[in-house]
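Just so we're aligned: 7 in full-length UniProt numbering is position 7 of the sequence shown, and the numbers increase by one with no gaps anywhere.
One structure below.
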Amino acid sequence: MAKRGGFPGAMPGNMNNLMKQAQKMQRQMEETTKSLEEKEYTAAAGGGAVSVTVSGKKEVTSVKLSQEVVDPDDIEMLEDLIMAATNEAFRQMEEDSSSAMAKLTGGLGGLGGGFPF
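Structural data, given as structure tokens:
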């Protein structure tokens with residue numbers, strides 16, 4: 001009769017290896033996250049009339065406006081340009097972050113969120 005309880009002999013070494021790999025990946029993810037948080041992403045709208053810079057911490061760090069875009073009679077256009085530049089800067093930041101994490105996880109999709117089972 002076969003013994004119950006797993007795979008004799010092979011499991012402890014493989015489990016230690018797996019744990020070491022997981023710890024290494026965790027350290028790499030922490031380092032990558034810190035590096036991404038220190039980056040800045042700048043996007044412009046309106047042919048460069050509005051420029052917005054965001055940090056990797058998802059904070060707006062700078063908004064620059066050309067004098068000619070500041071029209072008191074057309075505030076709505078200025079609001080739209082600021083929104084467009086801000087959204088593009090955040091899109092760049094998210095794309096960079098996703099790409100960096102995919103390199104670490106081998107495209108697993110977030111270590112648990114992308115499995116089909």
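Glycine included, each C-beta is placed from N, C-alpha and C at the ideal position.
An exposed status is given to A22, since fewer than 16 other beta-carbon atoms sit within 10 Å of its beta-carbon. Here the alpha carbon of T42 sits roughly 19 Å from the alpha carbon of T33. Around the beta carbon of L18, fewer than 16 other beta carbons lie within 10 angstroms, which makes this residue exposed. Under DSSP, no beta-bridge partner is assigned to A102. Pairing M77 with N87, the inter-Cα distance amounts to about 15 Å. With respect to V52, V69 sits apart: the two C-beta atoms are not nearer than 8 Å. From the listed residues E31, N14, Q67, the smallest Cα separation to L104 is found for E31.
As the crow flies, the alpha-carbon of A85 is around 48 Å from that of M15.
Within the same chain, no residue comes within 6 Å of S98 by CB-CB distance, once the 5 residues on both sides are set aside. DSSP places K58 in the coil class of the three-state scheme, outside both helix and strand.
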